[in-house]
Every structure is written in C-alpha cells, then in structure tokens.
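Engineer: For the record, the sequence lines run as chains A and B. Read in order, the letters of the first sequence correspond to residues 608 to 1016 in my numbering. Read in order, the letters of the second sequence correspond to residues 3 to 452 in my numbering. After the structure tokens below, expect a handful of questions from me.
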Amino acid sequence: MIQFLQNKMEQMLEATKDKPLMHTLVDGFGSILFAPKHVTSGDGTHIKDGMDLKRTMIFVVIAMSFCLLFGMYNIGYQHYHAFGMENQVGFFTKFMFGFFQMLPMIIVANLVGLAIEFYFAAKKGHSIEEGFLVSGQLIPLIMPPDLPLWMVALATAFAVIIAKEAFGGTGMNFLNIALTARVFVFFAYPTDISGDIVWVTYDYNILHQLFGMDLVAAGTATVDGWTGATPLALAAKQGWAEVVSKYSISDMFFGWIPGSIGETNKVAVLIGAAFLLFTGIASWRIMLSMLIGALVTGLLFNLAASSFEGLSPFLAVPFYYHLIIGSFLFAMAFMATDPVTASQTMTGKLIYGFLIGVVGMIVRVMNPAYPEGWMLAILFMNVFAPLIDHYVLSANIKRRLARSAKAAA
Amino acid sequence: MGRTINLKKGYNLKIVGEPEQTLNTDVKVRTYAVKPTDFNGLSPIPKMLVQVGDEVKAGTPLFFDKKLPEIMFCSPVSGEVAEIKRGAKRAIIEVVILADKKNTYLKLDTINPDNASREAIIEHLLKTGLWPFLRQRPFNVVAGIDEAPKAIFISGFNTGPLAPDLNFTLKGEAAAFQTGVNVLKRLSKGKVHLSLDGANTCDTLSNVKGVEQHTFKGKHPAGNVGIQIHHIDPINKGDIVWTVDPQDVITIGRVFKDGEFNTERLYAIGGPVVKKPSYFKAFQGAAIEGIAKNNLSTDHVRYISGDVLTGRKVDIKGHFGAFDKILTVLEEGDKYELFGWLLPSYPRPSISRSFLSFLKPNKQFNVNTNSHGEHRGMVVTGAFEQVTPMDIYPMQLLKAIMARDFDLMEGLGIYEVVEEDFALCEFVCPSKTDVQEILREGLDYMREQA
C-alpha cells in the first residue's frame, strides 16, 4: 500500500511537470504523507538534524490544540450560559455546539490561505511551505466565533497576500500573519470585533439542525442578568472590584469567561507554552521578558493609580491580575514568539519581549476606547524588531572594531 | 601553561561506527593522488611538471600554481604517474600515482630550524612540498609567502563526529612534532599556539616546548582551530594568521629532521555501515578503493573523505583529500518515510528536544544521508547560535553574504570563520540551508574584492 502510494505520487509528479499548480498540489500533499527521499548534496554536511520546518510548525499547532479544544467547549458553555441553560445541556452538547461554530471558520481560513499559498508556490516554482499551518489555526483562535465567514476569508486573504507573499513568502514577512488578519477586521469592521462587548452566538448553528435540538427558540429562555461584558471591559470602566463581583479568579484562570476563542483558559495556554518552551521551539527569552515587561508596567500603574483621576480604576487593578484577564498569556505564548517577525538576535529578543510587555500594558490601560493591547503592541514591535536587531548587530560590529583598535595600539 | 577556556555552546554528534583503536594491516593502498582542489586559492589549471608514465619518488614535485610558482606540490609516494584527471573546463582535479611496492624517498637536506636563517627555512618549505600544509586565515587559503603571520595556531584535538583520536594517531611522533614546531616558531611574527583537549590529555602534544598551550573544554566545534583562534587571539581586519594540522606539523618535522618527505599517517575508517571500524596506515591522498573492501554491511553507500559535517563525497575510485584523516561511510538515505516529519521511524540526531533522543545524551545514532526535510526559507532563529561558540551572529552574517553587503560581512566577522566553523549550523538548520556553500561564496567574494 505504502509502496503503491509512493509510486503513484512519483507518477503524478512526473505527469504534472508542465502544470505548475497541479505539480505543487501533488508535491504539497505528497510531502505531508511522506518525508521526502532527498539526500544531502555531497558538498556540505552529509547528514542533517531530524528537525525540519514541517515538524516545527506542527508542534506549534499541537501546542495550540489545547486552546482550540477548550475554546470549542467554552463557545458552547457561554452560549448556553447566556440563556441561563448551562445546567440543562451536557458537556458533549456544549462542545459540539462550539465545534460546529469553529469548524466553518477553520475550514474557511485554511482553504483561503492555502489556496493563495499554493498559487504563489506554483507561480514561483517551488514547493508549498509550511508556515501557513500555524497561521491557519491561529486566525480562527483569535477571532470572535460569530464573525461572518466572508470576513474571515477576506481577512485571511489580506494577511497572506499583503503581509506575507508581497514580501516574498515564508520567512520574509515582517508582520505576524494572524495578527494582520485580526487587525484587518478590527479596523475594517470595528463593530464586529472588539474587546469589550462579549460575543455570544444567538443564532442556531448546524448542531440544532442536525440533532433537532430546538432548545433555544425565541422566547423559551430568558437572558437573565447577563451584562455581556468581558472582565477586561469591566476593569476598564469600573475597576477590579466590579470584575470580581461578576467573575471569580478561578473562573478567569480556568476560562469560564467570555473572550476570544483561544485565550480564555489560562491552563490550556500555559500547557501549550510549556510544551513550546520544553521543545525549544519558542524563545524563552521573549516569553520571560514580555512577562517582566508587563508586570513592571502594571506595578508602575498601581503606584501611579491615585494620580490619574479618570483612569484610576483600571490603573489600580493589581498588576498580577493583568496576566489572567484578556489575552496576555496567549499573546505571549503564540504571538510574540513567532520567530520570523520577532527580533532574531538573542539580546534583541529580550528587548523585544520586554517592550511588547510595556507597550501592551500602556495600550490596554491608558487607551480610552479599547481595553486590550497585545495585538497592537506585537504588531508595533514587529515593525521595530529589525531596528532592535540593527542596534544589537551594531554593538557586535563596534566590539570587533574596538578589538582591532586595541590590537593595533 | 595557558589558561583553560570553557565553551558552553556546541553539539557532539554521536554516530555508530566509531573507529576502534586497532591497526588494520590488511589494507593495501595501490594508488595515491594529489588534488589541486584541496588547496583553496589555486587557479584551476596548475602547471604540470610530470607527465603520465613518469617515474617519481616520494617528494618529487608534481605541479605548481602559475601565480605562485615558488610553491611546489609533491608526490607523497614513489611510483609511476598513472593518470592526470581533468574535470570541467580542463581543470586538473587529480594527479594519480601508482605506488611502488617499496616506497623510496627523494633525498632532501636536513636542516636544523634553530640555526638556519628564516629565508633558508622558507625556501626549504617551498621546495620540498611542505608549504601547502600552511593554511592562511582569513579565507583558509594556501599561506602567502611575502607576509609573516601574526601567529600560528595548531589544534591538538578533534571534536568532530567519529574524529580520529590524536592520542592514538600521533603516538610516538613527539620528536618530529617538536622539530615541526621549531620550524613554525621561526615563521611566526608572534607565538605558536597549541590547543589541547581539556577532557583527554594527549601525551605526544602536552610536552611540546616552545608553544603557548591552551586548554579547551566543550562540545564540538571546540576542537576547530577557528573557534580556538577566536578565543585566544582573534583575527582582526588586516591580520594574517596561519593554521597547521598536527599531522602536517609532524610531516614538516620529518623533512627537517630526516630529510624525507614522509607523509605517512594513520587514517581511520568509520560509520554505521562499516563492519570493523578501525585505523590503517598510509600516505597522504590514499585511494578509497580497497580500504572499505569486504568491510561494509551494504552496497548503497556514500564514501566521504573527512567527517560527515565537513568532508567531501568521493567516488569509490577517488582518493582522500590532503587534509582528511577519516573515511566515513554512510548509507544513502534516498527513501520515503511515511509521516516521517511527525513520527520518525528510526532515531535520528537532533539538537531539538522535540525528539525523545535528548533523554539519552550518549546515544550513538545510525545515521544516513537523508536530509529529513526540504529546503525552505529561513524561519527559525536561535538554532545557529546554540552551536556557534563565538561572539558572531551566524544567521545575520549569512544574510549579509547573500546580500553581498561587503561592509556588513566585514563588520560581522567573516574574516574569523571558515566553512567548518559553521558546519554545525548547516546540520541543525531546520530550513536545510546550504550554510557552508553560502559562506564559501562570501569568502571568495571578499577575497576577490580585497
């Protein structure tokens, strides 16, 4: 069977030689099925490390899958919670509700993104690159689940074409692809995505049609005492006391709160982060320095809280609670650590992470309109990452020149 | 005694088939070759001094480079010139000598390096075919005659995969090595530096006099002379240093002491498909054919003159490179692997902890030549830095080379590295970048511009 597939693949590769798009498709799917039989050239190293880009990317996808699974369940939970029905439906129903809510988004994001990637790969005459595996999962995770699918498609297309392929494809982009997709929706359709109004899907989804679960027909359930505000929005407007009156600390930590799909459960995020750190795929430098940056800024805000009248409720939120409200941890684990758009030097990574922490906190707390900062902070620092690297490299060059001068003297 | 330098970064690539310290006397080498391509900086078509059919002795000049007519390249053995192999554009790639049963040496003068004038020593080195053993940095080219080096560096240990143990291969050569060092001392403007292994004392080298000794501790590439230079006395812009392999120091010593161009050395043969990995005795440029005969467990193999990181692929009819001391034999890995990128079907070396092999740090791997992935754009950062124990940014330097940014290459320290120093970067690169090839292009570019 395996032999048959291999032969079939080779035949198809041969047959599609002059049809670049088909060739890329066959090659792309073939390389998912089989690690290639390429050998080293004989001019360089004769053996290679077992790690390749496909494995790197798929490990990031695995790390995010905890967030995805919990996110699906939480969509269902929040949905039924909004109608005061969280005790009437079981775990499975809630999960399936979320699953069917997520599935179209995942499919649309991947179809659109991969179609564009395949088109460009064929055009450039090289094989499809794996970078989109991660973006394709990140994009649904950071969108509100009731975002219209055409917006998902448009945002994905915008991100892949403008942020990635226009700059030369995998490894050449300077903006995080998934965040570019989100920021596109954020600025183009601001009423459909925001940090302070909660998403709760009121529509039926396919689950109801499939299983005839007409539980939530109009008028059968009352929305009881539901404010529809995220902890972040509450903190911004009314301060921490108001937040803890609505949500318990453990709810916020374990994710029983409304928010974007991937970020609410801090346990799932931390598992993913630990996995990435342990395998060495994500940079501990970025994560650590971003954490420190956010905590230090939060602490300064606490100290300064009394001197700013209008902002004081949010400024006074204890700095360590900033870690569990909003998407700080998710951004730290999966967004800031994107190696292509982060600083590439070791020292640069420390500075880059720290500044994301600082800028993100400033945007989150000081910004009167929108109480979340990580998307903008990371994109902002993406732009500055090459500059940070430039100064780190300049320091290296200066060290070398100083050494020369000392030797000459 | 110099100081001890601890290097934390690096990776010891452990491979099945480490040569056992026994001498295999069954190995019979019939032909030897001198390959102009082993020496960087020569023009492709050297001027031949012999023709096919000529009788030569060990030490008879075979050819010289037209731009460097003083530097002779000599025959390692006595016998008959069997073939002058040409490659693309008529470049000479091999001068093959069919060896006599009993080796006879061209009689050379013996010179005491302590008394002779520097000019006389240089002339002797040029004439007797020893000069090409002196390699010059930056660029790792044949040493220039006109400018004396700031210092000369010898690495007294190997850390590369399956590398021959110098404690075994240099045994009993202390006197020749000392004479060689005495010669080098007269050539250097400054010191002669000898680096020793902090983990394994080499008796032949540790008692040498007249050198500045340094001890290095760390993983590969701690044994690379380039890494050692970086930590002892780095190459600044305009500096010239020379490097010499310890085996070649011995050859220099033998010429000055005994008056014979005697390149005899111990070679190793190793690798996962070698049934009995061991050592054998032969001269410089030995033929591959016959060495591995009846000693391989499979036919579908690649012969590598040198180690798996820096060696060159050679044909079964080919010969050892002038500076290589091990023949590594690997199975060709041209097989598909079902979902191999996710679920590897056999263990493979990696610096990544995404493989469970990190649990057994001393495991030896049964490696093959599969690239474990396809070439991609550079994405992952930080991997190169993990295996480069120098104050150098490998990825940024490579990108500067690709952009042909002269000032940036210079600023980021291209003069301090040669291909072997970045070989581990090429091994670890998840995007399978041809790091050494890019670096060579950069070095050639800088040399042309200079």
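For glycine and all other residues, C-beta sits at the position ideal for the given N, C-alpha and C.
Under 8 Å between C-beta atoms, does Val805(A) make it to chain B?
Structural biologist: Mapped onto the first sequence, residue 805(A) falls at position 198. Caution is warranted here: a pLDDT of 44 is assigned to Val805(A), below 50, making its placement in the model unreliable, and the coordinate value is therefore given only provisionally. No - not a single Cβ of chain B is within 8 Å of the one on Val805(A).
Engineer: Check the Cβ of Thr631(A) against every Cβ in chain B and list those closer than 7 Å, keeping chain order.
Structural biologist: Taking the first residue of the first sequence as 1, we reach residue 631(A) at position 24. Chain B residues near Thr631(A): none, gap ~13 Å exceeds 7 Å.
Engineer: Please name the residue, chosen from Ala284(B), Val79(B), Val83(B), Ser45(B), that lies closest to Asn453(B) on a Cα-to-Cα basis.
Structural biologist: With chain B covering 3 to 452 only, the question about residue 453(B) has no answer from this structure.
Engineer: How about Ala912(A) and Leu902(A): do their beta carbons lie closer than 8 Å?
Structural biologist: By one-based count along the first sequence, residue 912(A) stands at place 305. By one-based count along the first sequence, residue 902(A) stands at place 295. No.
Engineer: Return the CA-CA distance between Phe282(B) and Ile306(B), expressed in angstroms with no decimal places.
Structural biologist: In the second sequence, the residue the question calls residue 282(B) occupies position 280. In the second sequence, the residue the question calls residue 306(B) occupies position 304. C-alpha separation (whole angstroms): 16 Å.
Engineer: Mind checking the segment 330 to 351 of chain B against chain A and listing, in chain order, the residues whose C-beta falls within less than 8 Å of any C-beta there?
Structural biologist: Residues Thr330, Leu332, Glu334, Gly335, Asp336, Lys337, Tyr338, Glu339, Leu340, Phe341, Gly342, Trp343, Leu344, Pro346, Arg350, Pro351.
Engineer: What's the C-alpha gap between Ile682(A) and Leu740(A)?
Structural biologist: As a working note, residue 682(A) is residue 75 in the first sequence. As a working note, residue 740(A) is residue 133 in the first sequence. Spanning the two alpha carbons is a distance of roughly 23 Å.
Engineer: Along the chain, where does the alpha helix (DSSP H) containing Arg92(B) start, and where does it finish?
Structural biologist: On the second sequence, position 90 is the one that residue 92(B) refers to. Element bounds for Arg92(B): n/a, residue is neither H nor E.
Engineer: So Gly192(B) contacts chain A; which residues on that side make the cut at Cβ distance below 8 Å?
Structural biologist: Translated into positions along the second sequence, residue 192(B) becomes position 190. The premise fails here: Gly192(B) is roughly 11 Å from chain A at the closest Cβ pair, so nothing lies under 8 Å.
Engineer: Report the three-state DSSP secondary structure of Thr245(B) (helix, strand or coil).
Structural biologist: Residue numbering aside, residue 245(B) sits at position 243 when the second sequence is read from its first letter. Thr245(B): strand per DSSP, three-state reduction.
Engineer: Along the segment 880 to 895 of chain A, what residues have a CB closer than 8 Å to any CB found in chain B?
Structural biologist: Listed in sequence order: Phe885, Thr886, Gly887, Ile888, Ser890.
Engineer: Check whether the segment 618 to 634 of chain A and the segment 395 to 415 of chain B touch, using three or more Cβ-Cβ pairs below 8 Å as the test.
Structural biologist: They do not touch, by the three-pair rule.
Engineer: Does Pro115(B) come out as helix, strand or coil in the three-state DSSP assignment?
Structural biologist: As a working mapping, residue 115(B) is identified with position 113 in the second sequence. Residue state, collapsed to three classes: coil.
Engineer: Can you pull the chain B neighbours of Lys655(A), defined as C-beta to C-beta under 7 Å?
Structural biologist: As a first step, residue 655(A) is located in the first sequence; it is residue number 48 there, counting from the start. Those within 7 Å of Lys655(A) in chain B are Ser373, His374, Phe429, Lys434.
Engineer: Would you mind working out which of Pro925(A), Pro751(A), Ser867(A), Gly738(A) sits nearest Ala766(A), comparing C-alpha positions?
Structural biologist: Within the first sequence, numbered from 1, the residue matching residue 766(A) stands at position 159. Checking every option, the nearest Cα to that of Ala766(A) belongs to Gly738(A).
Engineer: List, in order along the chain, the chain A residues whose C-beta lies closer than 9 Å to that of Arg304(B)?
Structural biologist: Stepping through the second sequence from its first residue, residue 304(B) is reached at position 302. Val646, Thr647, Gly649, His653, listed in chain order.
Engineer: Decide if Ala642(A) is buried, meaning its Cβ has at least 16 other Cβ atoms within 10 Å, or exposed.
Structural biologist: Here residue 642(A) corresponds to residue number 35 of the first sequence, with the count starting at 1. Classification for Ala642(A): buried.
Engineer: For Ile985(A), which option in Arg789(A), Leu877(A), Asn872(A) has the closest C-alpha, if you only look at C-alpha atoms?
Structural biologist: Numbered from 1 along the first sequence, position 378 holds the residue referred to as residue 985(A). Of Arg789(A), Leu877(A), Asn872(A), the residue nearest in Cα terms is Arg789(A).
Engineer: Can you name, in chain order, every residue of its own chain whose Cβ lies under 8 Å from the Cβ of Thr130(B), other than the five neighbours on each side?
Structural biologist: In the second sequence, the residue the question calls residue 130(B) occupies position 128. So the list reads Gly61, Met74, Cys76, Leu110, Val257, Phe263, once near-sequence residues are dropped.
Engineer: So Pro391(B) packs on Gly228(B), CB below 8 Å; how close in whole Å?
Structural biologist: On the second sequence, residue 391(B) is found 389 positions in, with the first residue counted as 1. On the second sequence, residue 228(B) is found 226 positions in, with the first residue counted as 1. Contact doesn't hold; Cβ gap of about 11 Å is too wide.
Engineer: Check each candidate in Tyr927(A), Lys730(A), Lys853(A) and name the one with the smallest Cα separation from Thr631(A).
Structural biologist: As a first step, residue 631(A) must be located in the first sequence, where it is residue number 24. Comparing Cα positions, the closest option is Lys730(A).
Engineer: Please list the partners that Gly778(A) has in chain B, where partner means a Cβ-to-Cβ separation under 8 Å.
Structural biologist: Within the first sequence, numbered from 1, the residue matching residue 778(A) stands at position 171. Under the 8 Å cutoff, chain B gives Arg378, Gly379, Met380, Val381, Ser433.
Engineer: Could you work out which residue in Met380(B), Gly81(B), Pro163(B), Glu387(B) is closest to Lys103(B) when comparing CA atoms only?
Structural biologist: In the second sequence, the residue the question calls residue 103(B) occupies position 101. Checked all of Met380(B), Gly81(B), Pro163(B), Glu387(B); the closest Cα to Lys103(B) is Gly81(B).
Engineer: Measuring CA to CA, which of Pro46(B), Asp40(B), Phe41(B), Val36(B) is closest to Val52(B)?
Structural biologist: Position 50 of the second sequence, counting from 1, holds the residue named residue 52(B). Per the Cα distances, Val36(B).
Engineer: Which two residues bound the contiguous alpha helix (DSSP H) that contains Asp336(B)?
Structural biologist: For the purposes of this step, residue 336(B) is identified with residue 334 of the second sequence, where counting begins at 1. Taken as a continuous stretch (DSSP letters only), Asp336(B) belongs to no alpha helix (DSSP H), as it is neither H nor E.
Engineer: Given 8 Å as the limit, is there contact between the segment 265 to 278 of chain B and the segment 187 to 201 of chain B, that is, 3 or more CB pairs closer than that?
Structural biologist: Judged by Cβ distances under 8 Å, the segment 265 to 278 of chain B makes no contact with the segment 187 to 201 of chain B, as fewer than three pairs qualify.
Engineer: What residues in the segment 953 to 971 of chain A have a beta carbon less than 7 Å from any beta carbon of chain B?
Structural biologist: Answer set for the segment 953 to 971 of chain A: Met953.
Engineer: How about Arg5(B): is its C-beta nearer than 8 Å to some C-beta of chain A?
Structural biologist: Position 3 of the second sequence, counting from 1, holds the residue named residue 5(B). Not one chain A Cβ lies under 8 Å of Arg5(B).
Engineer: Tell me, which residues are paired with Ser157(B) by DSSP?
Structural biologist: Indexing the second sequence from 1 puts residue 157(B) at position 155. Paired residues: Ser197(B).
Engineer: Can you give the Cα-Cα distance for Ile403(B) and Met397(B), rounded to whole angstroms?
Structural biologist: Position 401 of the second sequence, counted from the start, is the residue given in the question as residue 403(B). Position 395 of the second sequence, counted from the start, is the residue given in the question as residue 397(B). Taking the straight line from one Cα to the other gives about 10 Å.
Engineer: Over the uninterrupted alpha helix (DSSP H) stretch that includes Lys8(B), give me the two end residues.
Structural biologist: Position 6 of the second sequence, counting from 1, holds the residue named residue 8(B). In the sequence as displayed, the identity of residue 8(B) is Asn instead of Lys. Run containing Asn8(B): none in the alpha helix (DSSP H); it sits in the beta strand (DSSP E), 6 to 8.
Engineer: Got a sec? Which residues, its chain only, sit under 6 Å from Gln23(B) by beta carbon, not counting five neighbours each side?
Structural biologist: Walking along the second sequence from the start, residue 23(B) turns up at place 21. Contacts found: Phe170.
Engineer: At the 8 Å Cβ level, is Gln685(A) part of the contact set with chain B, yes or no?
Structural biologist: What you label residue 685(A) is simply residue 78 of the first sequence in a count that begins at 1. No, Gln685(A) lies away from the interface with chain B (no Cβ there is under 8 Å from its Cβ).
Engineer: Using 8 Å as the limit for Cβ to Cβ distance, is Ile769(A) near chain B?
Structural biologist: Within the first sequence, numbered from 1, the residue matching residue 769(A) stands at position 162. No, its Cβ sits nowhere closer than 8 Å to a Cβ of chain B.
Engineer: What's the call for His302(B), buried or exposed, on a 16-neighbour Cβ count within 10 Å?
Structural biologist: One-based indexing of the second sequence puts residue 302(B) at position 300. Label assigned to His302(B): exposed.
Engineer: Does the Cβ-Cβ distance between Leu957(A) and Arg892(A) come in under 8 Å?
Structural biologist: Along the first sequence, one-based indexing puts residue 957(A) at 350. Along the first sequence, one-based indexing puts residue 892(A) at 285. Against a cut-off of 8 Å, the Cβ pair of Arg892(A) and Leu957(A) comes out as a contact.
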